[in-house]
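**Student:**
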Amino acid sequence: MAARLGEWLIEHGQLTEQQLDEGLRSQAAFGGALGTHLVQLGFVDESTLGRALAALHGVKAVDRPTLLTAPPEITALLSEEFCQRHRALPFGVEGENLQLAIQNPADSLAIHEAAFLTGFNVLPFVAPEILINDALARAFEQDQPPTSSQAARAQQIPQPQPAGAPAPAASFSLAETGQRLARAASRDEVLEIALEALSHFFPRGAALALRDGRVTILTVYGSRAQNSDCPAWKTGPGDIFESLAADGAVFQGSLPDAEGNRELLRRLGGETWPTSAVALPIKVRGRLVAALYADRSDSGPLAAAPLEALSAAVSLALEAILLRQKILRTCS
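The working numbering numbers the first residue of the sequence shown as 1085 and each following residue consecutively.
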């Protein structure tokens, strides 16, 4: 479907070959739906993505206002378990027909199951991943998972000690972290392990995607940040992302007062400027694709964290996953 989507957008003048390549690289690094990456990169808007998916699936697309204002009595026709499992949400009823927004309208089993559970004829409407995530979060009043795509969720990461307490570095083992990264089977698992490691030294952190001069939050710990479905923001002069792109070295120290850094803190929900911060570059095949950020706002003891080693190990783990996938594709 990713290849067909890219071809459709190019044929209809909505995307260039270069933009498609960038979107595919982003998808390869972080998983999730290609369309989500194209929207987050600013290459297409959600409406255009919906039209493309509708054309490819041969069904209508549901728009954001319609889905996000679906009446609670309609969305409740199917259980949360069903909706999460099939990435679907009912949003309207016309006579004997139930209108069902679904990420994959070709999933006939989901359509038949919905018909059996509700007693309605089910009319599937395609909805992009990024819209389905928002709609499910609204309908069931929960934090949205990252699209990422699908990066490690914050609730999966053990929470660090409260701010002001010394970082429990004694419980951290770089060797054990390396072994876990070497065994990691997915990008989600790699990010989860990496942020768990940082949580031993910093009370707040995040995994960030860096694409085409833009930053997107993938997942966080120690903060109720906006998730990765919110728009990306641009890097700017003097921010840590410009520094990472320029020299590719680990940043550690006082966070400069730059617009890109202020935007990061706004997204993380912090009201206090951190006393110390770190940013670790994550590279895949020599290209900067992501960063691990962590900070603290207290003046407590700061144990020395093996930042350079962790940065290199996470990069290698992601490359290993891509290599394994390439081997499997070659032999399939």
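Cβ coordinates follow ideal geometry from the N, Cα and C atoms, glycine included.
Is Phe1200 buried or exposed, if buried means 16 or more other CB atoms sit within 10 Å of its CB?
**Tutor:** The residue in question, Phe1200, is exposed, as its Cβ has fewer than 16 Cβ neighbours within 10 Å.
**Student:** Bridge partners of Ile1094, per DSSP?
**Tutor:** Answer by DSSP bridge pairing: none, since Ile1094 is not bridged.
**Student:** May I have a chain-ordered list of the alpha helix (DSSP H) segments no shorter than 4 residues that lie completely inside the segment 1342 to 1373?
**Tutor:** Whole alpha helix (DSSP H) segments, 4+ residues: 1343 to 1352.
**Student:** Does the segment 1296 to 1303 come within contact of the segment 1258 to 1270, defined as at least 3 CB pairs closer than 8 angstroms?
**Tutor:** No contact exists between the segment 1296 to 1303 and the segment 1258 to 1270.
**Student:** Please name the residue or residues paired with Ala1375 in a DSSP beta bridge.
**Tutor:** Per DSSP, Leu1292 and Pro1365.
**Student:** DSSP beta-bridge partners for Val1304?
**Tutor:** Answer is Ala1290, bridged to Val1304.
**Student:** For Arg1298, which of helix, strand or coil comes out of DSSP?
**Tutor:** Strand at Arg1298.
**Student:** Pick helix, strand or coil for Ala1253, following the three-state DSSP scheme.
**Tutor:** Note that Ala1253 scores 47 on pLDDT, short of 50, meaning its location in the model is unreliable; the coordinates nonetheless yield the value given after this. Reduced to three states, the DSSP call for Ala1253 is helix.
**Student:** Helix, strand or coil: which one does DSSP assign to Arg1171?
**Tutor:** Looking at Arg1171 - three-state DSSP - the assignment turns out to be coil, as it is neither helix nor strand.
**Student:** Does the Cβ-Cβ distance between Arg1127 and Leu1162 come in under 8 angstroms?
**Tutor:** As written in the sequence, residue 1127 is Phe, which differs from the Arg given in the question. Taking 8 angstroms as the Cβ cut-off, Phe1127 and Leu1162 do not qualify as a contacting pair.
**Student:** Ala1211 and Gln1187 look like a contact to me (Cβ under 8 angstroms); what is the Cβ gap, rounded to whole Å?
**Tutor:** Correct: roughly 6 angstroms between the Cβ atoms.
**Student:** With C-beta atoms as the reference, is Arg1271 less than 8 angstroms away from Leu1133?
**Tutor:** No, Cβ-Cβ distance for Arg1271 and Leu1133 is not below 8 angstroms.
**Student:** What is the rounded straight-line gap between the Cα of Ser1283 and the Cα of Arg1351?
**Tutor:** Taking the straight line from one Cα to the other gives about 19 angstroms.
**Student:** Give the straight-line distance between the Cα atoms of Phe1175 and Phe1114, rounded to the nearest whole angstrom.
**Tutor:** When rounded, the distance between both Cα atoms is 30 angstroms.
**Student:** Is it buried or exposed for Ser1399, if we count other Cβ within 10 angstroms and need 16 for buried?
**Tutor:** Buried, since its Cβ has 16 or more Cβ neighbours within 10 Å.
**Student:** For a cutoff of 8 angstroms on Cβ pairs, would you count Ala1333 as touching chain D?
**Tutor:** Here there is only one protein chain, and chain D is not present.
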